[in-house]
Amino acid sequence: MGTITVERDLMVPMRDGVCLATDVYRPADEGQRPVLVHRIPYNKSIAHYIGSQMLNPIVGAERGYVVVVQDCRGCYASEGVMTPYRQEAGDGFDTVEWAAEQAWSNGRVGIYGSSYMGITCLQAALAAPPHLEAAVAYLTGTNLYQGWVYSGGALELGFNMGYSQGKLLQAVGRLGLDESTQQRLMREFRESSSDRAALCEYLPLSDAPVLREREVLPDWHDYLEHDCYDDYWRETDVVARAAEITAPILHIAGWYDQFLKGHLDLNLALQDHPVAGLRDAHRFIIGPWDHNSYEGHRLTWAGERNFGGQALSGVMGLGDTILQWFDHWLKDRDTPLMKEPSVRYFMMGDTNEWIKADRWPPPNKPTRFFLHSGGMANSRLGDGILSRDEPGDQPADTYCYDPENPVPTVGGRTFSLAAGESGVQDQSEVEEREDVLVYSSQPLERALQIAGNVRVRLWIASDGPDTDFTGKLVDVEPGGYCAVVADGIMRARFRDSFEQPSFLVPGESTELEIDLWDVAYTFKAGHAIRLEVSSSSFPRFSRNANGLVSPERALPEDLRVAQQTVFHDGQRPSHLVLPVIDSE
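Note that the sequence shown ends on residue 586 in this note's numbering; no numbers are left out.
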């Protein structure tokens, strides 16, 4: 192990004169080396944040890199005021080019990051600085409208409200607010932090304590106002602008991470990149993790499910995997990673194993599982059936969705203190509710393996102009444990387009699709496949008021109970689509 030199708080100027505090970790001996950039809004001086994110800068320096760790604009030791996400392309570009020009640099630069740091990484890659030669992003967002701020047109409420609340701590001291305002905001912060779920219930969302001052948290108010996909989101959309990326990307996702959707979409965009060299160069790894796994809290767990030592090869080994990636692109080395196929994914369920493939998704057969019932599929005690047999004449299922008594979020792909634990959680209690339709298959005679996109096609009606429909794929174990596998939501007004909302005609049947995103999972023999259908998952998602007003601007008096209908007859065959891997 060589000696490492650490330089603290170098003030690096950006193009507008604002200086960002930067620490440099490098081998003590003289010489020019490739540089790795890591930009963070959570304080570069806290070892947890820079040392637990899969790649420790000390390890990078020991492997012969100069590692640059920087506080983002408006954060901790850096100057300026933070404008989340939108500032990162320019600041990332300037930091990469600064790093390339230093005496200890050989001009070859890579960038890496997870979560928000992954956004700083991808926004820099989108800006395409000339000296950026490779990037690694993990458990992060790409199109912030899909899977970060919104999903299926519904606000990711628990995460974004909590995250915006946390950003208050940085904003208060930098805006020149008078002392009484600062004291009030900090008091509201403490009070709201003690009951985050209650904060999510506040209406209108724009007037929630701590968040109501636009001058303090303008981005929160922007989110609420831009509930459609528009130019506000296009500016930072890495997926839509993937053709502008000039550096190869390794990106790493988790099946139970709230931000999985961004990686899935980025993967498809990179697989179709117009430059053949980049199209073939990118790598994609998907493991059995939720958002906490990568921080090293519970290395083999997602919620209540332990995926065993196999999962460790994906978590503990990723620091080395990331360095193998940079060794290839920045040091011209022939590394084991680059000899593998482009995709490595974890098959959850029976085998819990890593599988290598040339593309994601792998070849599969989209297979329809139709909804059946005698009109009483309410709760798991109802008569809902999931079968490959097409339905004939059957009565529809109905339920009432009351936004003042929403279905609670229980596990799945969520990341917020308000929503509780993510990952695999038992759905038995949720399935006792009358406003949850439950459709179950017979116990499987043999294992069923799926890998790819899961979606639900529903024929629905509602007595209002807008509402939500949720879908949840569940693995029912012989002992009765009901494990969530995948989940999703569709806000009805966005069923045809996220850019142009289209309201329902009350009482008229229409078709919509709920994207449950992708998964690789094996349902064991003796287990049953289950689909839950409802209209809320709170506080992960904002509650739909069931009217014309945007749920993000609804007042308490706007909330109304909706009468929901799900059809499953010969003319309106609602069904679940599973990407079945043919075992024959």
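For every residue, glycine included, the Cβ atom is placed at its ideal position computed from N, Cα and C.
Going by DSSP, what residue range makes up the alpha helix (DSSP H) through residue i?
i: ALA129; result: 118 to 129
i: ASN162; result: 159 to 174
i: ASP93; result: 90 to 103
i: GLU81; result: GLU81 -> no alpha helix (DSSP H), and no H or E assigned at all.
i: LEU533; result: Per DSSP, LEU533 belongs to no alpha helix (DSSP H); it is in the beta strand (DSSP E), 530 to 536.
i: THR353; result: Here THR353 belongs to no alpha helix (DSSP H), and DSSP marks it neither H nor E.
i: ALA63; result: 59 to 64
i: ARG186; result: 181 to 195
i: MET340; result: 338 to 341
Should residue i and residue j be called a contact, given that it needs their Cβ atoms to be closer than 9 Å?
i: TYR27; j: VAL14; result: no
i: PRO553; j: ALA547; result: yes
i: SER539; j: PRO408; result: yes
i: ILE516; j: ARG457; result: yes
i: ILE491; j: LEU388; result: no
i: GLY160; j: ALA421; result: yes
i: CYS77; j: PHE496; result: no
i: SER591; j: VAL478; result: This structure cannot speak to residue 591, because the chain is shown only from 3 to 586.
i: LEU134; j: LEU373; result: no
i: PHE543; j: GLU158; result: yes
i: ARG587; j: GLY143; result: What the structure shows of the chain is the stretch from 3 to 586, and residue 587 is not part of that stretch, so it cannot be assessed.
i: GLY112; j: PRO36; result: yes
i: THR238; j: GLN125; result: yes
i: ARG545; j: GLY155; result: no
i: GLU81; j: ARG75; result: yes
i: SER418; j: GLY256; result: no
i: GLN312; j: ILE462; result: no
i: ASP129; j: ALA101; result: Residue identity differs from the one stated: residue 129 is Ala in this sequence, not Asp. Not closer than 9 Å, so no.
i: ASN455; j: LEU550; result: no
When the Cα atoms are used, what is the spatial distance from residue i to residue j?
i: MET318; j: LEU301; result: Residue placement at MET318 cannot be trusted, given a pLDDT of 49 that sits under 50; the coordinates are not used to answer.
i: TYR347; j: HIS253; result: 12 Å
i: GLY386; j: ASP584; result: 27 Å
i: GLY572; j: VAL521; result: 29 Å
i: ASN2; j: TYR523; result: One cannot answer for residue 2 here, as it falls past the ends of the chain, which runs 3 to 586.
i: GLN444; j: MET119; result: 45 Å
i: ARG370; j: VAL486; result: 19 Å
i: ASP352; j: PHE309; result: 10 Å
i: LEU280; j: PHE95; result: 20 Å
i: ARG10; j: PRO59; result: 13 Å
i: PRO29; j: SER107; result: 12 Å
i: ASP428; j: CYS484; result: 5 Å
i: GLN72; j: ALA63; result: 16 Å
i: HIS529; j: LYS263; result: 27 Å
i: PHE286; j: THR183; result: 47 Å
i: PRO581; j: PRO368; result: 4 Å
i: TYR403; j: PRO397; result: 19 Å
i: GLY466; j: SER499; result: 19 Å
i: LEU207; j: TRP356; result: 42 Å
i: MET3; j: LEU57; result: Reliability fails at MET3, whose pLDDT of 48 lies under 50, so the model's placement of it is uncertain and the value that follows must be treated cautiously. Their backbone Cα atoms lie some 17 Å apart in a straight line.
i: TYR258; j: ASP267; result: 16 Å
i: GLN260; j: ARG415; result: 4 Å
i: VAL579; j: ARG459; result: 8 Å
Would you mind reading off the limits of the beta strand (DSSP E) that contains residue i?
i: THR140; result: Sequence check: residue 140 is Tyr here, not Thr. Here the beta strand (DSSP E) through TYR140 covers 134 to 140.
i: LEU38; result: 35 to 42
i: PRO368; result: 367 to 374
i: LEU388; result: 387 to 389
i: LEU446; result: No beta strand (DSSP E) holds LEU446; DSSP gives it neither H nor E.
i: PRO592; result: Beyond the ends of the chain as shown, which are 3 and 586, falls residue 592; an answer cannot be given.
i: ASP73; result: 68 to 73
i: GLY155; result: Note, GLY155: premise wrong, no beta strand (DSSP E); not H, not E.
i: ARG545; result: Careful: ARG545 lies outside any beta strand (DSSP E) and carries neither H nor E.
Strictly by DSSP, which residues pair up with residue i?
i: SER15; result: Reading the sequence as shown, one finds Pro at residue 15 and not Ser. In DSSP, PRO15 forms a bridge with CYS21.
i: GLY321; result: Looking at the DSSP assignment, GLY321 forms no beta bridge with any residue, so it has no partner.
i: ASP437; result: ASP437 is not bridged to any residue.
i: ASP399; result: VAL568
i: GLU9; result: VAL26
i: ALA420; result: Paired residue(s): none; ALA420 is not in a bridge.
i: PRO410; result: PHE540
i: TRP303; result: ASN308
i: LEU460; result: LEU514
i: GLN451; result: THR524
Tell me whether residue i, by its Cβ, gets closer than 8 Å to a heavy atom of the ligand FAD.
i: PRO541; result: Among the components of this structure there are no ligands whatsoever, and the ligand FAD is therefore not found.
Is there a C-beta anywhere in chain B that falls below 9 Å from the one on residue i?
i: ALA102; result: Among the protein chains of the structure shown there is no chain B, as only one such chain exists.
Runs of alpha helix (DSSP H) lying entirely within the segment 203 to 277, each at least 4 residues, in chain order: 220 to 227, 233 to 236 and 262 to 273
Minimum length 3: unbroken beta strand (DSSP E) runs contained in the segment 462 to 525: 470 to 478, 484 to 493 and 512 to 525
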